[in-house]
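Trainee: I am attaching a structure below and will ask some questions about it afterwards.
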Amino acid sequence: MADAAPDVDFTLRRAIGPDGEVVGPLPDVASDREAVTALYRAMVLTRSFDEKAIALQRTGRLGTYASSLGQEAVSVGVAAAMAAEDVLLPSFREHGAQLQRGATPVELFQFWGGDERGNDFKGPRGDFPVCIPVSSQLPHAAGVALAMRLDGGGRAAVAVCGDGGASKGDFYEAINLAGVWELPLVTVICNNRWAISTPLARQTAAGTLAHKALAAGIDARRVDGNDVLAVRAVAAECLERARADSRPALIEAVTYRLGDHTTVDDATRYRDEAEVKEHWPQEPIARLRAYLVAQDWWAKEDETRLLKESAEEIAAASETYLALDPEPPTAMFDHLYETLPPALAAQRAALAGGTGGDG
Amino acid sequence: MADAAPDVDFTLRRAIGPDGEVVGPLPDVASDREAVTALYRAMVLTRSFDEKAIALQRTGRLGTYASSLGQEAVSVGVAAAMAAEDVLLPSFREHGAQLQRGATPVELFQFWGGDERGNDFKGPRGDFPVCIPVSSQLPHAAGVALAMRLDGGGRAAVAVCGDGGASKGDFYEAINLAGVWELPLVTVICNNRWAISTPLARQTAAGTLAHKALAAGIDARRVDGNDVLAVRAVAAECLERARADSRPALIEAVTYRLGDHTTVDDATRYRDEAEVKEHWPQEPIARLRAYLVAQDWWAKEDETRLLKESAEEIAAASETYLALDPEPPTAMFDHLYETLPPALAAQRAALAGGTGGDG
Amino acid sequence: MAELTLVEAVQCALARAMAEDERVVLLGEDVADDGGVFRATDGLLARFGRERVRDAPLSEVVIAGASVGLAAAGFRPVAEIQFMGFMLSTLDQMVNHASRLRNRTRGRLTCPMVLRAPYGGGVHAPEHHSESMEALFAHTPGLRVAIPSSPSKAYGLLLAAIRDPDPVVFLEPKRLYRAYREPVEDDGAALPLDRCFVLREGGDVTLVSWGAMLKETLAAAEALAADGIEAAVIDVATLKPLDMTEIARSVAQTGRCVIVQEAPLTAGFGAEIAARLADENLFDLLAPIKRVAGWDTVMPLPRLEAHYMPDPARIVAAAREAMRHR
Amino acid sequence: MAELTLVEAVQCALARAMAEDERVVLLGEDVADDGGVFRATDGLLARFGRERVRDAPLSEVVIAGASVGLAAAGFRPVAEIQFMGFMLSTLDQMVNHASRLRNRTRGRLTCPMVLRAPYGGGVHAPEHHSESMEALFAHTPGLRVAIPSSPSKAYGLLLAAIRDPDPVVFLEPKRLYRAYREPVEDDGAALPLDRCFVLREGGDVTLVSWGAMLKETLAAAEALAADGIEAAVIDVATLKPLDMTEIARSVAQTGRCVIVQEAPLTAGFGAEIAARLADENLFDLLAPIKRVAGWDTVMPLPRLEAHYMPDPARIVAAAREAMRHR
Ligand SMILES: Cc1ncc(C[n+]2csc(CCOP(=O)(O)OP(=O)(O)O)c2C)c(N)n1
Ligand SMILES: Cc1ncc(C[n+]2csc(CCOP(=O)(O)OP(=O)(O)O)c2C)c(N)n1
Ligand SMILES: [Mg+2]
Ligand SMILES: [Mg+2]
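Residue numbers (my numbering), protein chains in the order written: chain A, 9 to 367; chain B, 9 to 367; chain C, 117 to 442; chain D, 117 to 442.
Take a look at the structure:
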């Protein structure tokens, strides 16, 4: 990079431990009751969403779904550090970030229910929708970051991929471009240790996933991905540099996938239950609750009320989702191009008319 | 990797300087007159080949050609460290390595003259031919290395790409695979500082290209690519580990492209002549000659004789090449599948008959 | 004789091939411990070990590319790509290398590899999981492209693909993976890789299809038969190289052809069959050649998927349309 | 009015588009200081600066993918891929993303990008530099595919492509880059992106082609005219979406059609045109539809290249064959 050597730090940043105890430097936000409870609420809402989504899928009312159980702190912490005018380019597991950025639970249900209208979310209009081909959103993120740079800077793009995603050429080409073009791009690897059935040890021999930043000459950080305070702080730090100095960064957030890969996966085929059990005490929600309680910011009633509110909000969203009218089949033609090419008019008409025949 | 952390060393290994002076630890081979003069001969032959190839292209008797002027030590040094049963997967600029491995100048002329038979070289039957899509041979190299591993080990695959090639996803995916599958693969980046008109500084922000090894967790070395003794030594070291311990490595050999990118390129459009001039004193042939002379191993007559012999060998090869009969056009059908599918028989017949018509 | 589903037939053929030739090596994402996301490789890790059943990092380029190298170096890799949408990344390796290695080296290096992937829709899968892009591979000289339409075809064609000395793209209709069982003899008998199969004879109209669409096409033929229209049904099976013999023979008899493909209409593989008929069999034709295909739209998410997929009703309508001409 | 070669017309259109819309940004390998390996972007760095004329690292995936992001974020990227063989790596981004972003988000995000590349043979280039793989893109819903056949078409179609609100794959026949000059008015006038062009009227046989093959086709038409056979010549120009109006009109008149493509025969784009005619215009046809195409072989290295390329003699022979039927 023009200005300076990359600033890499491979120590795992932590703020609070599994019991809410302070284990590292506390970011400013940690003393802001409002802010911390907001993070907590966001994680709880995410988990409620996840639970409902799985329930809907099990009863045939949602498609294949990728739960974020145990990883909520990555999604929520990163999104909390973002500004409204930043742009998020998520993988398929960052429901928490999408919700916090302003996509509604109804819209997300709609998408996972197999309706493209769910991606036309009213919230962050510049945010990208869920990306299914692993890491293929990272090149887009580099492009979005370039647009921000050309528009005069002050904003950043945030892309999230998984530990598996860090094996793809796209990942590497995107961060390399960000490095050499000095793009305001923060790439977050949500390292949940598994890519479907492939554990990290069979994914790469790299020292840590953050080391991959060295291939692109960009800043690198590692953070405990179950510690939302630390995630938020690290993301904020990187985002600030990206916005101010067009400095790209790679963040490895180390967490753990407590659930199956998706609703069509059965993790017991390849993963020891004992390993999962071992990771439960690390999970981010109980951890932050312990911190809240230790600060005397959170009483039993608060918890009861929040769980009820979250469940209700999600239940209501689910009802709304289930009551939505279907799109007309012709919608598949109507958003293909800005205006339907005359050559496709006959096909559209055939579909509309339900006449079989050609095409 | 199962056994140990990667062994990375980003210092530029050197043995002899521009005037043949000793500037670093001399490898054993440096005291072996036979071996050193063999390296010298190989580099001189490569340059003769290059000169003739360019002359043939200029007079319309060869296709677009990529000269290796100034980079001979990388090709020759790496090939010299290889065993016959190792496998080379070159880019399009490793003529020196191909020649030394046993492909004949006639075969190489034939390939560059646009005749596929040139790739059916009689020499190293397992070696891959020139690869045009940049770095796309690196995944093949990983596959070849896997085959060696499955066959019981003791051999290694060697892939060579350029500095530009180290930006491609293929590069990264291949070395990552080699790292995690512990494949006997030595990847050499022939860093000649330019990818057509793109200088290294616009290619990547990585500290050095050898740093890219960290993304894959494999061993890394940097070497002065104009110092054939150092290149040979570093390659030998990495190859030994690859053969013995199935340990992959990345070598960055730093050299300089003294010529145009290819015969259709005009480097003066984008590159300062002064920069080129500055690099001439570093070039590998004069350097090794100075070393030979300093050892009293090389007299003026030796030089005269060698230049004459090289030129004659290449001239004879050129004559042989020019006298070759063309392949019949139907050859394009005859090597497509092991046996021509019946469905293609009519097309082949039409081509053979010179009848136009369908297909 | 065991009754197998299509995916079990795939697994059975893989096991057989691995047992009879130790150079057969499997690689792909989640093919080992998980047995593949569709269980096509289930049990093979236990039987053949981790050296021969290899979980790859998440990189389709290197899965395809390493297979090229492995094949050139004397092995018989069978690589799995999880869904067809992720095969696009492999095109560089398949088109620029796998298909060309033999030709490029005039036979010195060859590429006996198989690239397997499930393809097609109808199972309410997420985006990129339901595509039918066989035409991209079928346009590529030097490749073979095979698509089974039943468990026994899957068994026989896959064995043929693995034993073939050249690269084969093997596309499995995931909609049929568990749709039904049929008796499949694990006798190691391969099916020919350069022939269409006549599934049903009929003198009125020729229905041509491949893969999952054969099920719809056979259903359409039943419906037509109920109306006294005798439809021949031809399973293309190997799209590349395409052998027109059976199709031409049938169309010479019927004078009518309906081609059924799941892929979007334009420039799909059905066009090739129609074009061949319009050249070589024009004067046999009594009726316009109809294609029943996916629309020229992006494969929709599950909610609209059913409106995208060609179904028996559309095939019947096209056949009836053809029957109007005598 | 300047007399321009095709590559100069490309350059002229790029300059015009950049001058009139500052959101137009160029990116690609060697597009800046070198002005592109074919000089299509020559002089643009000097005029528009390094922020808008960007040398990319050697990574086709990220060139295409960053263009998707740039386009979605409000810019109009025009990306160059150096040769068609290297476009294969871009298919994942073009098919899985560029073509779908609008549909996927129901119009919220769009992708007004252009992916330019030279295509085709006839210039004795190395392997992977001479391919014609337009069919791969033309099969993809949501894309437009345009191929100019002359300097003025290049100017007008490229302007249209850059201004189009959707992704366009723009393939330039490199064989014609410097083949000749013609007057091109730099008036900013775009050509329609959904219409074929009739280059020559004729009542006996309809010759349909695109790109570099038009030159061969026009030469064939001349040769046929000398023999009293009047050939209509149609330039498809925009392959996707394909407008059949002009082709159908002409074939209705002539009853004979010869389709000329440089790509390998099987599953090439010519098949689509033949298939459409065999459906919609069957009863107009007096003669089998002939396709003159590249063989179903790997594009050979230069020594055999001339034997691969369709030429006027083959086109004339096919037209004469069609004329045998009355
Ligand atoms: C390019 C590509 N290949 C394969 C898949 C199928 N697939 C979906 S998720 C997944 C694993 C992803 O692992 P990781 O990147 O760690 O993300 P995680 O699922 O753990 O969130 C795979 C292989 C895909 N979606 N895209
Ligand atoms: C995938 C791909 N993209 C583009 C090209 C065109 N091209 C040929 S050589 C080259 C530059 C290669 O640079 P580098 O890797 O440094 O190797 P060098 O030419 O310096 O030996 C380019 C862009 C190509 N051959 N392959
Ligand atoms: Mg993961
Ligand atoms: Mg270079």
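Note that the Cβ used here is the ideal one computed from N, Cα and C, for glycine as well.
Which residue comes first and which comes last in the beta strand (DSSP E) that contains residue 259 of chain A?
Mentor: Within the first sequence, the letter at position 251 stands for residue 259 of chain A. 257-262 is the extent of the beta strand (DSSP E) around residue 259 of chain A.
Trainee: Report the neighbours of residue 209 of chain C on chain B: residues whose CB is nearer than 8 Å to its CB, in chain order.
Mentor: For the purposes of this step, residue 209 of chain C is identified with residue 93 of the third sequence, where counting begins at 1. What residue 209 of chain C touches in chain B: 144 and 147.
Trainee: Could you name the residues of the stretch 219-242 of chain B whose beta carbon sits closer than 9 Å to any beta carbon of chain A, in the order they occur along the chain?
Mentor: Flagged, chain order: 219, 220, 221, 222, 223, 224, 225 and 226.
Trainee: Interface residues of chain C around residue 340 of chain A at Cβ under 8 Å?
Mentor: Along the first sequence, one-based indexing puts residue 340 of chain A at 332. Going along chain C in sequence order, the residues near residue 340 of chain A (Cβ under 8 Å) are 411, 413, 414, 416, 420, 423 and 424.
Trainee: In whole angstroms, give me the CA-to-CA distance for residue 166 of chain D and residue 151 of chain D.
Mentor: In the fourth sequence, the residue the question calls residue 166 of chain D occupies position 50. In the fourth sequence, the residue the question calls residue 151 of chain D occupies position 35. So the two alpha carbons sit approximately 12 Å from each other.
Trainee: Which of the three DSSP states, helix, strand or coil, is assigned to residue 303 of chain B?
Mentor: If you number the second sequence from 1, residue 303 of chain B lands on position 295. Looking at residue 303 of chain B - three-state DSSP - the assignment turns out to be coil, as it is neither helix nor strand.
Trainee: Would you say residue 199 of chain B lies against chain C (beta-carbon separation less than 7 Å)?
Mentor: Reading the second sequence from its first residue, position 191 is the one you call residue 199 of chain B. Not one chain C Cβ lies under 7 Å of residue 199 of chain B.
Trainee: So does residue 203 of chain A have its beta carbon nearer than 6 Å to some heavy atom of ligand 1?
Mentor: Position 195 of the first sequence holds residue 203 of chain A. Correct: residue 203 of chain A has its Cβ closer than 6 Å to ligand 1.
Trainee: Is there at least one Cβ from chain A nearer than 7 Å to residue 441 of chain C's Cβ?
Mentor: By one-based count along the third sequence, residue 441 of chain C stands at place 325. Not closer than 7 Å to any Cβ of chain A, the Cβ of residue 441 of chain C fails to qualify, so no.
Trainee: Can you tell me where the beta strand (DSSP E) with residue 210 of chain B in it begins and where it stops?
Mentor: Counting from 1 along the second sequence, the entry for residue 210 of chain B is found at position 202. Careful: residue 210 of chain B lies outside any beta strand (DSSP E) and carries neither H nor E.
Trainee: In chain B, what lies closer than 8 Å to residue 178 of chain A by C-beta?
Mentor: Translated into the one-based positions of the first sequence, residue 178 of chain A becomes position 170. Those within 8 Å of residue 178 of chain A in chain B are 177.
Trainee: For chain B, check one thing: does any of its Cβ atoms lie closer than 7 Å to the Cβ of residue 429 of chain C?
Mentor: Residue 429 of chain C sits at position 313 when you count from the first residue of the third sequence. Judged by the 7 Å Cβ criterion, residue 429 of chain C is not in contact with chain B.
Trainee: Using a Cβ-Cβ cut-off of less than 7 Å, give me the residues of the stretch 175-189 of chain C that come near chain A, in sequence order.
Mentor: For the stretch 175-189 of chain C, which is checked against every Cβ of chain A, the residues closer than 7 Å are 175 and 177.
Trainee: On the DSSP bridge assignment, give the partners of residue 432 of chain C in chain order.
Mentor: Translated into the one-based positions of the third sequence, residue 432 of chain C becomes position 316. Beta-bridge pairing links residue 432 of chain C to no other residue.
Trainee: Can the beta-carbon of residue 163 of chain C be found less than 7 Å from the beta-carbon of residue 304 of chain C?
Mentor: One-based indexing of the third sequence puts residue 163 of chain C at position 47. One-based indexing of the third sequence puts residue 304 of chain C at position 188. Cβ atoms of residue 163 of chain C and residue 304 of chain C: not closer than 7 Å.
Trainee: Taking Cβ-Cβ distances shorter than 7 Å, what residues in chain D pair up with residue 63 of chain B?
Mentor: Start at 1 with the first residue of the second sequence, and residue 63 of chain B comes out as number 55. What residue 63 of chain B touches in chain D: nothing, since even the nearest Cβ is about 17 Å away.
Trainee: Tell me which residue opens and which closes the beta strand (DSSP E) that residue 149 of chain C is part of.
Mentor: Locating residue 149 of chain C in the third sequence gives position 33, counting from the first residue. Unbroken run through residue 149 of chain C: none, as it is neither H nor E.
Trainee: Taking DSSP as the reference, what is the three-state secondary structure of residue 365 of chain A?
Mentor: Walking along the first sequence from the start, residue 365 of chain A turns up at place 357. Reliability of the predicted coordinates at residue 365 of chain A is poor, the pLDDT of 40 falling under 50, and no value is obtained from them.
Trainee: In chain B, which residues lie less than 7 Å from residue 221 of chain C when you measure between Cβ atoms?
Mentor: As a first step, residue 221 of chain C must be located in the third sequence, where it is residue number 105. Those within 7 Å of residue 221 of chain C in chain B are 127, 128 and 137.
Trainee: Determine the DSSP secondary structure at residue 128 of chain C, reduced to helix, strand or coil.
Mentor: Here residue 128 of chain C corresponds to residue number 12 of the third sequence, with the count starting at 1. Here residue 128 of chain C sits in helix by DSSP.
Trainee: Run through chain C and tell me which residues come within less than 8 Å of residue 98 of chain A, C-beta to C-beta.
Mentor: Position 90 of the first sequence, counting from 1, holds the residue named residue 98 of chain A. By Cβ distance, chain C contributes nothing, its closest Cβ being about 14 Å from residue 98 of chain A, past 8 Å.
Trainee: Do residue 16 of chain A and residue 239 of chain A have their CB atoms nearer than 7 Å?
Mentor: Position 8 of the first sequence holds residue 16 of chain A. Position 231 of the first sequence holds residue 239 of chain A. No. Outside cutoff.
Trainee: State the Cα-Cα distance for the pair residue 124 of chain B and residue 114 of chain A, rounded to the nearest angstrom.
Mentor: Mapped onto the second sequence, residue 124 of chain B falls at position 116. Mapped onto the first sequence, residue 114 of chain A falls at position 106. Answer to the nearest angstrom: the Cα atoms are 60 Å apart.
Trainee: Does residue 118 of chain B come out as helix, strand or coil in the three-state DSSP assignment?
Mentor: Stepping through the second sequence from its first residue, residue 118 of chain B is reached at position 110. Helix.
Trainee: Could you tell me whether any Cβ in chain D is nearer than 7 Å to the Cβ of residue 205 of chain B?
Mentor: Working through the second sequence from its first residue, we reach residue 205 of chain B at position 197. Yes - at least one Cβ of chain D is within 7 Å of the one on residue 205 of chain B.
Trainee: What ranges does the alpha helix (DSSP H) occupy inside the stretch 144-220 of chain A, keeping only unbroken runs of at least 4 residues that lie completely in it?
Mentor: Complete alpha helix (DSSP H) runs here, min 4: 145-158 and 177-189.
Trainee: For residue 196 of chain C, count neighbouring Cβ atoms within 10 angstroms of its own Cβ and tell me buried if that reaches 16, exposed if not.
Mentor: As a working note, residue 196 of chain C is residue 80 in the third sequence. Per the 10 Å Cβ criterion, buried.
Trainee: Per the DSSP calculation, residue 356 of chain D is bridged to which residue(s)?
Mentor: Taking the first residue of the fourth sequence as position 1, residue 356 of chain D is located at position 240. DSSP output for residue 356 of chain D lists D:261 as bridge partner(s).
Trainee: Buried or exposed for residue 441 of chain C, going by 16 or more other Cβ atoms inside 10 Å?
Mentor: Within the third sequence, the letter at position 325 stands for residue 441 of chain C. Looking at its Cβ environment, which holds fewer than 16 other Cβ atoms inside 10 Å, residue 441 of chain C is exposed.
Trainee: Quick one: is residue 349 of chain B near chain C, going by C-beta distance under 7 Å?
Mentor: Along the second sequence, one-based indexing puts residue 349 of chain B at 341. Yes, contact with chain C.
Trainee: From residue 175 of chain B to residue 175 of chain C, what does the alpha carbon distance come to, in whole angstroms?
Mentor: Position 167 of the second sequence holds residue 175 of chain B. Position 59 of the third sequence holds residue 175 of chain C. Between residue 175 of chain B and residue 175 of chain C, the C-alpha separation is close to 16 Å.
Trainee: Measure the CB-CB distance between residue 267 of chain D and residue 122 of chain D and report whether it falls below 7 Å.
Mentor: Here residue 267 of chain D corresponds to residue number 151 of the fourth sequence, with the count starting at 1. Here residue 122 of chain D corresponds to residue number 6 of the fourth sequence, with the count starting at 1. Yes, the pair counts as a contact, with Cβ atoms nearer than the cut-off.
Trainee: Which residues in chain A have a C-beta closer than 7 Å to the C-beta of residue 385 of chain D? List them in chain order.
Mentor: On the fourth sequence, residue 385 of chain D is found 269 positions in, with the first residue counted as 1. Those do not exist, as residue 385 of chain D stays about 14 Å from chain A at its closest Cβ, beyond 7 Å.
Trainee: Classify residue 325 of chain D as helix, strand or coil using the three-state DSSP reduction.
Mentor: Within the fourth sequence, the letter at position 209 stands for residue 325 of chain D. The answer is strand: DSSP assigns residue 325 of chain D an E or B state.
Trainee: Any Cβ of chain C within less than 7 Å of the Cβ of residue 150 of chain B?
Mentor: Your numbering for residue 150 of chain B matches position 142 in the second sequence. So, interface residue.
Trainee: Which first and last residues belong to the alpha helix (DSSP H) in which residue 363 of chain C is found?
Mentor: Here residue 363 of chain C refers to the residue found at position 247 of the third sequence. Segment 361-370, the alpha helix (DSSP H) holding residue 363 of chain C.
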